[in-house]
Every structure is written in structure tokens, then in C-alpha cells.
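So the sequence shown is numbered by my numbering: it starts at 33 and just counts up by one. All residues carry an ideal CB built from backbone N, CA and C; glycine is no exception. In this text the structure is predicted, and so the values were computed from the model without any measurement.
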Amino acid sequence: MLGGRHLKRPARVGTAETWSGNGNGTEPGDASTPPEPSRERERVLASETAPATGGVATQDSTTDTGTEAAGNDGPVEAVRVRPRRERAQRDAGRFAPLGLRSDDEELHPRRARRRQAEQEAGVAGRPEHGPESELATTHEESSWLQRGYEPVLGWTLRRPFITLGAAVLILILTGALAPLMKTNFLGNTGSNSFTVTQALEPNLTLAASGEAASQVEDILRAKPGVETVQLTIGGGGAASLFTGGGASRASFSVTTSTDADADAIQAELREELDALPEEAGEISVGGGGSAGFSSAISVDLTAPDAETLREASDQVVASLTGVAELGEITSDLDETRPFVQMDIDQATAAQYGLSQTAIGGIVAQQLQPTPVGSLTVDGSSVQVVLLGAEPPADIDALRATSIPTALGPVPLTTLATVEIVDGPVSISSERGVPLASVTVVPTDDNLSSANALITEQLDSLTLPEGATAVLGGVSSDQAAAFQQLGLALLAAILIVYIVMVATFKSLLQPLLLLVSVPFAATGAILLQLASGVPLGVASLIGVLMLIGVVVTNAIVLIDLVNQFRERGLAVRDAILAGGARRVRPIVMTALATMLALTPMALGITGHGGFISQPLALVVIGGLLSSTVLTLLVLPALYVVVEGPLERRRARRDERVEQELAGISDA
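Okay, here's the thing in C-alpha cells:
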């Protein structure tokens, strides 16, 4: 190699021997006599640098042998100037056993890698070509999946902007379908028990209460699917902790068969129990382990005083009662009991040396026994109480009760006004502000629709001054859970992005890989709408699982594409080669996951289906849509983003190559 030119002397006629330029060739016809490499190189150099007047060297374009032209100085042997690529191929074969590289590979490594990648990408179907590498595989027939995917992939790469426009349209339609989904908190837990509550008239005897409750019990026992009915009249027991049970309340604990639809039975019972006469009292169906606790909406009311609170509660109950989509509507102020109310005249009581507390204690002692201690009899403890001599039998007797004072006994009417009034069973307050709740049980499991209807009715009300009404209960629980899971989704996406940035050492390519995440929502929403299963906490947990799964498919595809590009393939060629090799493992992985979750999606997992079924539906739908769209949209987006960058790098490399070629020729 002299002056940047590689010279080769053609073989003489009748021989196949040539001089390779390395001094190891032999002269034809004299195999025992070694040539003189230095003298030969001097002659070639002289013939290359000699002036044109001495002779002209010509070359036959069709063969490797030259022709001799006669000149003034005699015959001159023709030489051949080889092209750069041919010289590079010759030098690569010459120096490869020594672990060396030719000047063309040294100066232009990108060109060498491109040639190697082209050979490796085309090794399938031509096992005799291409170097052995981690990307080279043995000969194998293309599967039907590859044969079907490659034309579609080629079409998307030729029309990337049409593909991306269709993807954006799909996302817009997905957002339009989102409000049509049902939502709830936990959904139907699959429990086969619920509670029926009957509010009876005050001051009924136990026999009268039992007779009124028997009407409801007969309807419950005659209902198909109901196995057991347990009746509790009055307070006491565990039920009173939840129902506020008292002497005027009957509670029925109903258990259905395992294969019965508890929600459907409750809906039918509401219609039948509403047909009972008013003497049966107010009857509400719900509670227990089914829809009562998981879908009951509470409207929390506050007011500066009890009268304003009751007025606001009555307005809310009246406005919600006419809505057909809402089921049982009850207020904790609706249930009342008779109370003795005393309005003490403080001035008169002060004249007799009494206070309000003292007068109240004396009257309470007359109405109910006062515990004073306990007595142990035969090992058993007996409570000792203090009773009045003659307890008042009615309100008139209570008014005539004698109150001892410093000036002598006086009747109660002298000190206070006594009357019987109806009051709430319980009084609630928050930070000293009276509080009441209106409970609404929706007729179906669509909590979002019920929330919208209740909010619309509340906005149309004009509540008394100082009164407020806000949604609470399961509505607030759902909002808090959705907010927390939304933050968890954002954190998961951020963590995945950071990990991919560290892996790919790029800020741009991880963003391209995350394009598969929003497309997972498309299939999840469509499958939720088709199945009618509401979106709840379990569904959002499934979305959280999807983030890692769908990004994995994108990583598997783009990682191989990047490997092909590092070996010199163009963006489009790398995507075609990588997509053809990765479509089968991506589809097989997604299909295996979806088939494994199919039993859960069909709801055949027992009572745990209220968690597993929504989760499985979201994962199956999201994985299906994200896999299909990732194999089509991600390559198109990759071409749009990486194509201009590659062309810019190619122009830069071309300028560098031209500069190096000029230096080499000089």
C-alpha cells in the first residue's frame, strides 16, 4: 500500500500465479527461485510515478490481467487500481487471521458494522452467508404469524403518520367511552346474607311488636332462595351496635343459598314489603355483607341547631324519594322515641335554692332506678338500686311529683313545665356541631350514576341558613381510594421510566416505550363495558399490574431493534428485522397471560370473585389492546422520531468520510 493505491501485477499468460504485494509470491516457471520484493516494489513505484511520455498503462475492464502497450521506452506492464470497497474486502481477508483491521474498517467503523448487520439480518434462509454472532440464527421457516405481521408492519412504516393519527383517534374514543363505565367501591362481595329492619310504633308491647314483625317474617320465609331468617325485637345483642335497636325496632338477619343472587332477592323484597299497610312501620332492606355496606351512599348534614338540622334532613329525604334509580332512603332523624321534656324556670328554682341539675336528678330518680351498689348472695353478685316510693304512672303523676326544697316540698309544676315530646333515638355531633346522615342504597351497583343523581338533587335544594349537605359514606371512601391508586399509578410509571433511562442510557426512547401504557386503557374499558362489571378498586389494581407487563413487550421489541441499529442497519430495516423476530414471543407471552386469567374473568373463583373478576378483566383487555397497538404504533412512532436523527448522523458521517478520504488521497 503506497500513496493510498493498491497495485496488483496480472498473471502471465499460461499461469495462475499473481503477486500479492506482500513479497511472498513466486515467479512463474521458477518455483525454487524466490523473487526480489524490494526490486519489484521499486519497479512498480517507478512505473506509477513515471511521466506519461514514457508509456501508458491500460487495463482490461473485464479481467484481472492487464495488457501491455508499447512506448518509447519499451513495453510497460499494466497495473490495476482497485476500488476502495474491493481493497477493503481484500485487506479484511488478509489481516483477519492476525487480529488486524484494514484501513477502510479503521477509518469507517460504522460502514463495517452496517455490512455486518446486513449479513446477520439476512442470515435466515441463507445459513451459508453471514458471520456467526449472537444475532445469527440457523435456518428456519417463517411462521404464519410472521408472514401475516410483516406486510402490516411494512404498511405502517410506509405510512407512519396515518398510523399515529389512527392511534390518536383510538385514544380519543377511549376517553369518550370512559364516562359510560359503571363504578363502585368494592362491588358485590358475594356474601349470602343481608339485614331487614322494621321500625315499629313507639310504646308497643312485646306481643304487639311480635305480631307486626310476623308479617314481614312470613314474606321473608316464603321467598325462594332464602334459607334462614333470624328475628330480633328490641335492643341488646350485637345487632344493636349497628341498628341502634330499641323497644320499637325489629331486625331480621336473612341468609340465602350460596347459588342465589342476594341483590336480586333484596330488590324483589323491597317491592313486596312496600305493599304492606302503614301499621307495619317503615321497613328497609339492605346491610350485611352484600350491597348494603359496599354501596350505601351517605349524605352528611350539619346545622347550627337541632331544628335546622331536622328541616334540612326532611328536605333532602323528600328530594331523593322521587328518584327511581335510588332505593331505600332513610335518615337517622326519622326514628323517634317519646321523651319527657322539662323546661325549668331558673329564677323560681333559685328562690327555692335548687339548680337545674338537682331538679333533674330528683325527677330521674322517680322515673328509673338508681344503682347504689352490689350485694353478693351465695357467690352471685346482685345489683342494688334505689327506687322511688311510688313511681309516676303517667305524665300527670309526674307533674304532681313533690320536690323537696329548703322552703318545703313543692310540686314539680311550680318549678318547671313538663311535657312529652318525640326526639331522635341518637344525637350525633362533630366538634360541637349537630350532625345527621341520610342513607341511600342504590338499586344497582353503579355508584357513579347514583352519586351524579344525588349531587344533582342536592344542588337544586335551598337548604336552611347554616345547613350544609355533602356526600359521604362509600362515596368518600371511593374517592379517597381512587385518588391514592391514581398516585400509585403515576409513581409506577415514573419508576419504570427511571429504570429504562438507566438501561437504555437515553431520555427519549423510554418515552417511546411508555406509549403502550395509554393503549392498555382501551381494551380494559371496552371489556369492562362489554361485561357490565363496574370499575372499582380491584380494577385499578389490575391497571397497576398492566404498567409493567405492557412496557415489557415494548422493551423486548425495541431492544432488538437497537441491537440491529448498533451493527449498522437503517432504522426501517432494523424495525422490520426486529419486528419479524419478536412478534411471536410477544404474542405468545400475552396470550399465555390472558388464558391464565380467563377462569378468574369468568367469575368461577367463588366468593372471591368480587376482587378477582374485575382485576382479570382489566388485565386481559388491557394486555390485548396494548399488545396489538404496540406492535403497530410503536414502530411507526420509532421511525418518526429516530428517522430524522439517523439521517442527521448519516450526513455527519458522510462529511467525516469525505474529509478522511481527502486526507488519505493526499
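Taking a 10 Å sphere around the C-beta of S175, we find fewer than 16 other C-beta atoms and assign the residue as exposed. Separation of the CB atoms of A513 and G654 is rounded to 20 Å, and the pair is thereby denied contact status at 8 Å.
With a cut-off of 8 Å on Cβ pairs, the stretch 658-669 is in contact with the stretch 589-603, counting three or more such pairs. If you compare the alpha carbons of S283, F226, P646 and T584 with that of V473, the shortest gap goes to F226. Your pair V593 and A602 does not check out as a contact, with CB atoms roughly 11 Å apart and the cut at 8 Å.
For P466, the enclosing beta strand (DSSP E) stretches over residues V465 to P474. Every beta strand (DSSP E) stretch that sits fully inside the stretch 343-401 and reaches 3 residues is listed by chain position as 358-363 and 368-376. With fewer than 16 neighbouring CB atoms inside 10 Å of its own CB, S387 falls in the exposed class. Nearest in C-alpha terms to I329, of all of S289, A432 and G359, is G359. The C-alpha of T340 is placed about 54 Å away from the C-alpha of G411. Residue pairing by DSSP places V417 opposite P403 in a beta bridge. Under the 8 Å Cβ criterion, the stretch 614-629 does not count as touching the stretch 522-529, having fewer than three qualifying pairs.
The DSSP-derived three-state label of G600 is coil. Distance from the CA of I527 to the CA of I251, rounded to the nearest whole angstrom, comes to 57 Å.
In this structure, R604 and L189 form a Cβ contact; the two beta carbons are roughly 6 Å apart against a cut-off of 8 Å. Residues T475 of the same chain have their beta carbon placed closer than 7 Å to that of A299, with the five preceding and five following residues left out of the count. For P617 and S289, the gap between their C-alpha atoms comes out near 46 Å. Beta-carbon to beta-carbon, I376 and L447 are separated by about 6 Å, close enough to satisfy the 8 Å threshold. Counting of Cβ neighbours within 10 angstroms places Q373 among the exposed residues, the total staying below 16. In the displayed model, L263 falls within a strand according to three-state DSSP.
Beta-bridge pairing by DSSP links E314 to A231. Between L649 and L559, the CB-CB gap stays under 8 Å. Assignment of I486 by DSSP, reduced to helix, strand and coil, places it in the helix class. If you draw a 10 Å sphere on the C-beta of R342, you find 16 or more other C-beta atoms in it, and that means buried. When DSSP states are grouped into helix, strand and coil, V248 belongs to the helix group.
The stretch 542-555 makes no contact with the stretch 495-510: fewer than 3 CB pairs, one atom from each, lie closer than 8 Å.
The residues A553, T554 and I557, in chain order, have a CB closer than 7 Å to that of T206 in the same chain once the five nearest residues on each side in sequence are set aside. Per DSSP, R191 is not a residue of any alpha helix (DSSP H), being assigned neither H nor E. Between the alpha carbons of V355 and R463 lies a gap of roughly 33 Å.
Rounded to whole angstroms, the separation of the alpha carbons of S413 and L444 is 36 Å.
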